[in-house]
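Contents: one structure, followed by commentary.
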Amino acid sequence: MASSLHQEQERAQESGKGNPGEIQRYDAVIIGAGVTGLYSLYRMRELGFSVRAFDHAGGVGGTWFWNRYPGCRFDSESYSYGYSFSEELLQEWDWKEHYSGQPENERYLNYVADKFDLRKDIQLNAHVDSAVFDQTENCWEISFEDGQKVLGQYLITSVGSLSDGYTPDFAGIESFKGATCHTSKWPKEGMDLVGKRVGVIGTGATGVQLITEIAKEVGHLTVFQRTANYCAPLRNGLIDDETQRKIKASYPEIFKKCSETPGSFMHEFDPRSAMEVSPEERQEQYERLWAEPGFKKWLSNFRDVMVPGEANEDYAEFVRNKIRERVNDPVVAEMLVPKDHMFGSKRLPCESGYYEVYNQDNVLLVDVREAPIERITPQGVKTKDAEYELDVIIFATGFDAVTGSLVKLDIQGEGGQTLKDKFANGPRTYMGISSAGFPNLFTINAASVGNFVRAAEPLVDWVSEAMCYVRDNEYMRISATPEAENAWVKHVNEDGAKILRTQANSWFVGANIPGKARALLTAPDTAPVMRAKRAQVAANGYEGFDLQ
Ligand code: NAP
């Protein structure tokens, strides 16, 4: 099957999209040419599958193509984020900063696409209308907005976890006379903010990065904050030549470390309890880690800082005091201090001068929990208490995470059941990657959390090996059994309820989208546990999957 499909694919490549009316057939159709899509294409092609990736963007890079707002950058170390599959790539590519910015990250992913000749199998500006499973042919028919159709034995959704930008449905939004933009759709040519009256709605990781950067150039900035966040200093810096050499010599150790930690980051928890040591020792460790760059202060801390309880609250108070120290006006400082959720229950935004922004005379912080936004007017934003006149409104209001992009693909499985209906009360999958009644669909975007690239590479490898198993054993389809799926959903709900990530109202549980069912959208397990579970499933002949 693979070889005949290869020939068809070669013909398709020669003719670009294929002849008018001709439906190209591939072993795997990948939706998304971001970090996981590019690697899926590379890996599956290496294994002899005919593959084509489609992306609605005008370029490769996924999240790093779209999120080009000022200040956008990694929160994990650049060298822990890059692909590990090619030693040549690792040695060729010089990360310039410890926490690399969007322009560089987009350049990196374009470099990868060129180096591994991936572009010839990628179609950009391709908007999926629907994907329908054909039970007779055991393949997916994917239809695009422009009328193009393709067939794929497998449908691989590499659409990202945070890709479906969410703009709240504010009344009067279309009446605003100035410019508006969601951060995840930042125009390539940029936004002219110099000297303007700019309003930013949202103070999550995106808002924090954006606000810090644009406060340097706007005329006046109004920040509309509903929930204060715990933010910590990123302490970014350039990578000098000597450090570059050391990084390149230590990739095996970096990736080994990442493979052993819960979130695939290069930081290891201190096995001690914060409450076991003296208050002085505890404080000394908090201060020492605070002075370190990146997530170290979070993920190298005492192990129980990341568990609901006394240690978590102790550290939360340390962070609150760090915020208070940096803001001149005590009233504004208290507005910026989070008091309604636990430290670490949301992803920790890393910042580079965020709190000092509120010491500028031209910056106003508005509490929209106290006085909610009532509507957008032609002049600006009207809250319960006042109207704020603006030239530009920026929505840093996050994403319909994990399932948002997935259900928008209009995926229809056996018997016409849609993934949207099936996921109405939360995702129903087996290990995040397969859903009963949707054979040969691998939802790669729904299964990783933490350092996405480190988690995604082994996941893509596992899916590719499963596809080889199906091919080598002359099956035509693989799909989660309802029993395995039920057990997995039970595990996610029951064990997920105990972890820190489900304790706040965040995208982790879909609580940021009005009307979305509250459910943990990812596995509750650590990355090493998930890899071990998947390995066990494969070793047991794809236990929990129905193979036909
Ligand atoms: P987010 O964390 O969901 O934050 C959205 C913000 O918009 C929140 O402050 C939210 O307030 C506010 N908001 C939403 N609806 C609102 C409404 N109707 N009225 C007023 N405020 C409203 O989204 P994000 O900042 O884009 O970050 C999402 C994730 O992307 C992060 O957790 C992280 O995983 C990733 N990210 C990573 C980086 C990085 O450094 N690499 C950078 C950016 C993002 P509430 O909190 O009250 O809901």
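Read in order, the letters of the sequence shown correspond to residues -7 to 540 in our numbering. Ideal placement from N, C-alpha and C gives every residue a C-beta, glycine not left out. Since the structure is predicted, the reported quantities are computational estimates derived from the model, not experimental observations.
Asked: Buried or exposed: which applies to Ser(-4), given that a residue is buried once 16 or more other Cβ atoms fall within 10 Å of its Cβ?; Found: Annotation note: pLDDT 40 at Ser(-4) (below 50); position unreliable, no value reported.
Asked: Tell me which same chain residues have a C-beta within less than 7 Å of the C-beta of Phe310, skipping the five on either side of it?; Found: Tyr278
Asked: Measure the C-alpha to C-alpha separation of Leu33 and Pro450 and round it to an integer number of angstroms.; Found: 14 Å
Asked: How would you write the range of the beta strand (DSSP E) that Arg17 sits in, first residue to last?; Found: Gln16 to Ile23
Asked: Per DSSP, what are the beta-bridge partners of Ile505 in this structure?; Found: In the DSSP output, where bridge partners are listed per residue, Ile505 has none listed.
Asked: Under DSSP, the beta strand (DSSP E) around Trp132 begins and ends at which residues?; Found: Cys131 to Phe136
Asked: What three-state label does DSSP hand Arg3 in the structure shown?; Found: With a pLDDT of 46 at Arg3, under the threshold of 50, the modelled position of this residue cannot be trusted; read the value that follows with caution. Here Arg3 sits in helix by DSSP.
Asked: Consult DSSP for Ile368 and reduce its assignment to one of helix, strand or coil.; Found: strand
Asked: The ligand NAP and Thr195: does the residue's C-beta get closer than 7 Å to at least one heavy atom of that ligand?; Found: yes
Asked: Across which residues does DSSP place Gly157 in a beta bridge pair?; Found: Phe391
Asked: Could you tell me which residues DSSP pairs with Val373 in its beta bridges?; Found: Ile368 and Tyr380
Asked: Would you tell me roughly how many angstroms separate the C-alpha atoms of Ser7 and Glu98, rounded to the nearest one?; Found: The pLDDT assigned to Ser7 is 42, lower than 50, so where the model puts this residue is not dependable; a value taken from the coordinates is nonetheless given after this. Each residue's Cα considered, the two are about 28 Å apart.
Asked: Output needed for Asp392: all residues of its chain with C-beta closer than 6 Å, excluding positions within five of it in sequence on either side, in chain order.; Found: Asp156, Tyr158 and Ile505
Asked: What does Trp215 pair with, by DSSP beta-bridge criteria?; Found: According to the sequence provided, residue 215 is Val. The question's Trp does not apply to it. Beta-bridge pairing links Val215 to Val192 and Leu357.
Asked: In the DSSP assignment, what residue or residues form a beta bridge with Ala224?; Found: Cys342
Asked: What I want to know is whether the C-beta of Ile365 ends up closer than 7 Å to one or more non-hydrogen atoms of the ligand NAP.; Found: yes
Asked: Mind checking Pro244: buried by the 16 CB within 10 Å criterion, or exposed?; Found: exposed
Asked: Indicate the three-state DSSP secondary structure (helix, strand or coil) for Phe57 in the structure shown.; Found: helix
Asked: Can you grab the Cα-Cα spacing for the pair Leu433 / Leu328, in whole Å?; Found: 44 Å
Asked: Across which residues does DSSP place Phe434 in a beta bridge pair?; Found: Ile148
Asked: Buried or exposed: Thr435, going by 16 or more other Cβ atoms within 10 Å of its Cβ?; Found: buried
Asked: In the DSSP assignment, find the beta strand (DSSP E) that holds Ile491 and state where it starts and stops.; Found: No beta strand (DSSP E) contains Ile491, which DSSP labels as neither H nor E.
Asked: Return the CA-CA distance between Lys508 and Trp499, expressed in angstroms with no decimal places.; Found: 10 Å
Asked: Considering only residues of the same chain and omitting the five flanking positions on each side of Gly196, which have a CB-CB separation below 7 Å?; Found: Asn221, Pro341, Ala388 and Gly390
Asked: Do the segment 178 to 198 and the segment 392 to 403 meet, that is, are 3 or more Cβ pairs less than 8 Å apart?; Found: no
Asked: Classify Glu343 as buried or exposed, calling it buried when 16 or more other Cβ atoms lie within 10 Å of its own Cβ.; Found: buried
Asked: Where in the segment 21 to 90 do unbroken runs of the beta strand (DSSP E), each at least 3 residues long, occur, reported from the N-terminal end onward?; Found: 43 to 46
Asked: Just the C-alpha distance for Tyr71 and Asp106, rounded to the nearest angstrom, thanks.; Found: 20 Å
Asked: Three-state secondary structure (DSSP) at His(-2)?; Found: Here the model assigns His(-2) a pLDDT of 45, short of 50, so the residue's position is not dependable and the matter cannot be decided.
Asked: Buried or exposed: where does Gln201 fall if 16 or more other Cβ atoms within 10 Å of its Cβ makes it buried?; Found: buried
Asked: Cα-Cα, which of Thr369, Cys223, Arg264 and Glu272 is closest to Arg318?; Found: Cys223
Asked: What I want to know is whether the C-beta of Gln201 ends up closer than 7 Å to one or more non-hydrogen atoms of the ligand NAP.; Found: yes
Asked: So if DSSP puts His174 in a beta bridge, which residue, or which two residues, is it bridged to?; Found: Phe387
Asked: Buried or exposed for Lys238, going by 16 or more other Cβ atoms inside 10 Å?; Found: exposed
Asked: So the beta strand (DSSP E) Ile470 belongs to, where does it begin and stop?; Found: Ile470 to Ala472
Asked: Helix or strand or just coil, what does DSSP make of Asp517?; Found: coil
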